[in-house]
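Residue numbers (our numbering): 322 to 913.
Here the structure is laid out as structure tokens; the discussion comes afterwards.
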RNA sequence: GGCCCGGUAGCUCAGUUGGUUAGAGCGCUAGCCUGUCACGCUAGAGGUCGAGGGUUCGAGCCCCUUCCGGGUCGCCA
């Protein structure tokens with residue numbers, strides 16, 4: 322027997338014709354002399370009818386099937402009687418009248434039912450991921466991911482990009498995330514690292530003369546997992562020579578517009594909004610702001626200084642700030658307990674507390690009422706445009722704490738009060754990131770993006786005198802408050818690169834030891850270049866409205882970075898370790 | 001490493017103040033059934049209450065430890 326159709330790909334034109342389908346038994350409905358089988362493949366479900374009166378032998382075989390048996394059925398596609406039409410089914414007007422039937426493979430009773438919105442828990446599903454993948458929503462997810470990846474290849478191919486692979490076994494580089502290491506058998510005591518991204522290689526491809534490169538590739542970072550972070554994930558990575566910021570942004574806006582059109586059928590207008598980093602922080606308290614709603618931050622530091630409220634004035638005196646958001650109309654919506662819960666949110670992000678004022682017709686209620694004179698209150702109300710019914714929330718601290726706390730508060734309030742309209746696709750560039758940031762632990766400047774990111778031309782003068790002031794030619798693309806990609810224009814000038822290394826405390830020897838191959842390359846004619854990388858998993862996740870990238874990865878890992886299906890990671894034979902010149906220490910021995 | 005949530009039948013869950021033999025729905029098995037599509041009807045099987053320890057006359061329930069999973073902070077250039 323040879324398959325002629327997928328189950329749900331039969332059309333009205335096929336009615337009356339002989340067809341053969343193969344798939345899994347979704348459901349068996351046995352009416353005695355009449356048997357219905359809902360047959361499923363990746364396209365959907367088709368009902369098969371087996372009649373014992375007309376096909377006794379066939380029926381005898383078919384009644385043996387159970388859920389998830391794999392069968393092949395040949396027969397005539399027929400229209401159902403009007404009374405038997407199932408309007409909830411894509412193929413509900415037709416059915417396959419079996420004339421030949423083969424059980425290709427039996428199945429044990431599956432540990433959970435194969436269906437959308439499975440209520441089975443994650444452990445069970447991930448242990449049996451091969452079954453979980455049969456569920457229609459997992460099939461849809463991975464099909465969308467495929468379309469997105471294909472769209473990227475098509476678009477960048479059409480725009481003159483070449484897909485070139487870069488090594489998986491490479492050199493560990495300092496800074497950034499923790500590397501996954503691979504021991505060398507041939508060179509005792511030495512290790513490869515799996516790439517955190519193809520960053521250096523794609524820059525070398527630019528030096529190598531491939532002026533437009535793209536790749537869809539795995540990246541590895543040995544850090545703790547989150548709903549949107551897996552130890553291995555996939556980037557759509559690209560790099561272009563002879564470009565500046567606007568060129569990179571342009572080709573990517575075209576890509577995203579095409580991706581949303583082709584994959585989602587959604588029109589996203591270009592150009593996208595652009596928001597400089599300092600505005601993103603001061604208005605939204607985040608470098609990946611969700612701008613689908615307001616609740617913007619408002620600086621009240623000047624009012625706070627003269628408020629007579631020590632917590633407020635002290636924060637400003639210490640170089641911090643007092644900022645607030647006005648949760649319009651939330652006064653009556655939030656109980657005291659719920660406001661306290663907002664305080665807990667603020668404390669999660671290191672705020673020492675959350676000060677609040679509820680404005681009502683009669684006056685106000687506040688957590689710091691005794692410090693609120695008429696004048697001070699009037700000042701805050703005017704600054705925040707407050708009206709009766711509003712809930713004003715204040716955080717006083719160092720700027721980074723204030724931004725972090727209020728930034729997350731506005732998300733919490735938006736989520737709780739339903740400010741976010743589903744089905745909106747809010748694309749936004751965040752630009753002009755700081756080039757450097759202070760490393761608290763080591764008390765030095767470190768690259769915020771990476772050490773090859775170019776400073777903005779107008780800030781070059783400050784690189785040595787006031788490094789914190791220098792902005793970078795770096796940009797992130799943000800979708801609905803989630804960073805889906807980021808990149809920068811790179812340094813292509815050797816002198817500037819040296820200066821950059823000096824600023825982040827690298828001696829020439831250290832830089833040479835770590836990035837020598839790149840610096841060598843840059844001595845031989847480097848085109849100006851820059852690029853960007855997307856998180857394919859995250860973009861797929863958002864397009865599907867999911868809140869975990871596990872839903873768009875065929876075989877994901879759990880929070881302990883383990884694969885429940887294969888049991889990886891696992892112990893290996895001593896022989897393998899010997900070959901790799903590795904001796905274990907400090908490993909708690911399990912009972913053998 | 002910290003904090004929070006969860007773990008009872010194959011699955012999803014209920015389980016009163018600590019009290020007899022731990023229940024339900026779905027699924028599964030067998031029988032019956034010619035238009036089902038959440039098929040129906042009848043009968044049946046199915047339990048290390050995650051694991052270990054403690055308190056108690058008595059623990060699914062209380063306490064301690066631990067394992068597993070999820071969320072989150074730190075971490076993630």
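Every residue, glycine too, gets a C-beta built ideally from N, C-alpha and C.
Hey, is the stretch 571-587 in contact with the stretch 881-893, meaning 3+ C-beta pairs nearer than 8 Å?
The way I'd put it, the stretch 571-587 doesn't touch the stretch 881-893; fewer than three beta-carbon pairs between them come closer than 8 Å.
Best match in 553, 703 and 585 for proximity to residue 620 [C-alpha to C-alpha]
Comparing alpha carbon positions, the residue from 553, 703 and 585 closest to residue 620 is 703.
Buried or exposed (CB count within 10 angstroms, at least 16 for buried), residue 845:
Classification of residue 845: exposed, given that the 10 Å Cβ count is below 16.
Which residue spans inside the stretch 572-596 form an unbroken alpha helix (DSSP H) run of at least 4?
Every candidate alpha helix (DSSP H) stretch fails here, since none sits fully inside the stretch 572-596 while reaching 4 residues.
Rounded to whole angstroms, what is the Cα-Cα separation between residue 835 and residue 329?
Using only the alpha carbons, I get a separation of about 56 Å.
Applying the 10 Å Cβ sphere with the 16-neighbour rule, what's the burial state of residue 625?
Under this definition residue 625 is a buried residue.
Proximity below 8 Å, CB of residue 811 to CB of residue 775:
Yes; because the gap between Cβ atoms is below 8 Å, this pair is in contact.
Assumed close pair residue 469, residue 533 - CB separation to whole angstroms, cut-off 8 Å:
No, residue 469 and residue 533 are not in contact; Cβ-Cβ is about 20 Å, not under 8 Å.
Here's the rule I'm using: 16 or more other beta-carbon atoms within 10 Å means buried, otherwise exposed. How should residue 399 be labelled?
Around the beta carbon of residue 399, fewer than 16 other beta carbons lie within 10 angstroms, which makes this residue exposed.
Check for me: the beta strand (DSSP E) holding residue 540 runs from which residue to which?
For residue 540, the uninterrupted beta strand (DSSP E) run begins and ends at 533-541, by DSSP.
Between residue 861 and residue 472, what straight-line distance do the alpha-carbon atoms span, to the nearest angstrom?
The alpha-carbon separation between residue 861 and residue 472 amounts to approximately 12 Å.
Tell me which same chain residues have a C-beta within less than 6 Å of the C-beta of residue 383, skipping the five on either side of it?
Non-local C-beta neighbours of residue 383 in its own chain, meaning closer than 6 Å and more than five positions away in sequence, comprise 356, 371 and 422, ordered along the chain.
Give the range of the alpha helix (DSSP H) segment to which residue 501 is assigned.
Careful: residue 501 lies outside any alpha helix (DSSP H) and carries neither H nor E.
Do the CB positions of residue 562 and residue 849 come within less than 8 Å of each other?
Contact: yes.
Can you name the residues that DSSP bridges to residue 882?
The partner list for residue 882 (beta bridge, DSSP) is empty, contrary to what the question assumes.
In terms of alpha-carbon separation, which member of 518, 347 and 552 lies closest to residue 871?
Nearest C-alpha to residue 871: 552.
Restricting to Cα atoms, I'd like to know which of 538, 478 and 380 is closest to residue 488.
The shortest Cα separation from residue 488 among 538, 478 and 380 belongs to 538.
Pull up the CB-CB distance for residue 462 and residue 893, whole angstroms please, since I reckon it's below 8 Å.
Not quite, the Cβ-Cβ distance comes to about 33 Å (not below 8 Å), so this is no contact.
Residues in the same chain with beta-carbon distance under 7 Å from residue 903, minus the five sequence neighbours each way, listed in chain order, please.
For residue 903, where only same-chain residues beyond five positions count, the Cβ hits under 7 Å are 504.
Which residues in the same chain as residue 526 place their Cβ atom closer than 7 Å to its Cβ, once the five residues preceding and following it in sequence are excluded?
The answer, listed in chain order, is 485, 534 and 560.
Residue burial classification, residue 289 (beta-carbon count within 10 angstroms, cutoff 16)
Any question about residue 289 goes unanswered here, given that the chain covers just 322 to 913.
DSSP state of residue 617 mapped onto helix, strand, coil
Reduced to three states, the DSSP call for residue 617 is coil.
Buried versus exposed, by CB contacts within 10 Å (16 or more), residue 786
With fewer than 16 Cβ atoms within 10 Å of its Cβ, residue 786 is classed as exposed.
How is residue 469 classed by DSSP in three states: helix, strand or coil?
Helix, per DSSP.
Would you call residue 416 buried or exposed, if buried means 16 or more other Cβ atoms sit within 10 Å of its Cβ?
Under a 10 Å Cβ-count criterion, residue 416 is classified as buried, with 16 or more other Cβ atoms of the shown protein chains found around its own Cβ.
Might you give, ordered along the chain, the residues of its own chain that have their beta carbon closer than 6 Å to the beta carbon of residue 649, omitting 5 neighbours on each side?
Here the set comprises 711.
Taking 8 Å as the cut-off, does the stretch 814-831 touch the stretch 601-619 (at least 3 CB pairs, one atom from each stretch)?
With a cut-off of 8 Å, the stretch 814-831 and the stretch 601-619 do not count as touching, because too few Cβ pairs lie within range.
Looking at residue 802 and residue 543, is the spacing between their C-beta atoms short of 8 Å?
Their beta carbons are not under 8 Å apart, which means residue 543 does not touch residue 802 by this criterion.
Straight-line gap, residue 739 to residue 645 (C-alpha atoms, nearest Å)
Approximately 20 Å, taken between the alpha carbons.
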